[in-house]
Amino acid sequence: NHQHIPEAVKQQWVTMLTLMSSQEIAQATGTSHRTVNQVLQLSRLTGSVVKKPCTASRHPCTLTAHDVQVRSSVHVGILHSPDIYLSKLQYHLEKTRGVYVSMCTIQCTLWQHGFTHKHV
Numbered sequence: 001n002h003q004h005i006p007e008a009v010k011q012q013w014v015t016m017l018t019l020m021s022s023q024e025i026a027q028a029t030g031t032s033h034r035t036v037n038q039v040l041q042l043s044r045l046t047g048s049v050v051k052k053p054c055t056a057s058r059h060p061c062t063l064t065a066h067d068v069q070v071r072s073s074v075h076v077g078i079l080h081s082p083d084i085y086l087s088k089l090q091y092h093l094e095k096t097r098g099v100y101v102s103m104c105t106i107q108c109t110l111w112q113h114g115f116t117h118k119h120v
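Letter by letter, the sequence shown follows residues 1 to 120 in the working numbering.
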């Protein structure tokens, strides 16, 4: 039941949002309201209408579950500043753990551990 929707079409939904509600976009395009909302939310959070795999870094993933879940200042930073930038987390990990982690790895790791979007 899944159908590929081209990136250009998804980008057009973002443009349509200036004149229409997400429900109206869904009706006009024959797409489910849920799908339209997911694409629009992804666009708001990442600036892109498609999820792109983290391939920018050639470094292996060096974050442990401990780094993501328990590292007090990072964990507290995420909880107290849910709009914290990945670059700030990257800086903090390098400063406290002494390890360079690409922002792409941080983003993927946070997604894997349930931190899927900013709660502002």
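Here a beta-carbon is modelled for each residue, glycine too, at the ideal position from N, C-alpha and C.
Quick caveat, the model's predicted, so the values are computed rather than measured.
If you follow the alpha helix (DSSP H) that Ser22 is in, where does it begin and where does it stop? The residue given as residue 22 occupies position 22 in the sequence shown. Ser22 -> alpha helix (DSSP H) spans Ser22 to Thr29.
What's the gap between the Cα of Thr109 and the Cα of Val14? As a first step, residue 109 is located in the sequence shown; it is residue number 109 there, counting from the start. As a first step, residue 14 is located in the sequence shown; it is residue number 14 there, counting from the start. So the alpha carbons of these two residues sit roughly 27 Å apart.
Go to Leu89, then tell me how far its alpha helix (DSSP H) extends in each direction, as first and last residue. The residue given as residue 89 occupies position 89 in the sequence shown. Leu86 to Arg97 is the span of the alpha helix (DSSP H), which, as asked, contains Leu89.
Nearest-angstrom Cα separation, counted from Thr46 out to Thr29: Along the sequence shown, one-based indexing puts residue 29 at 29. Along the sequence shown, one-based indexing puts residue 46 at 46. Their backbone Cα atoms lie some 23 Å apart in a straight line.
Could you tell me the distance, in whole angstroms, from the CA atom of Lys51 to the CA atom of His33? Your numbering for residue 51 matches position 51 in the sequence shown. Your numbering for residue 33 matches position 33 in the sequence shown. So the alpha carbons of these two residues sit roughly 19 Å apart.
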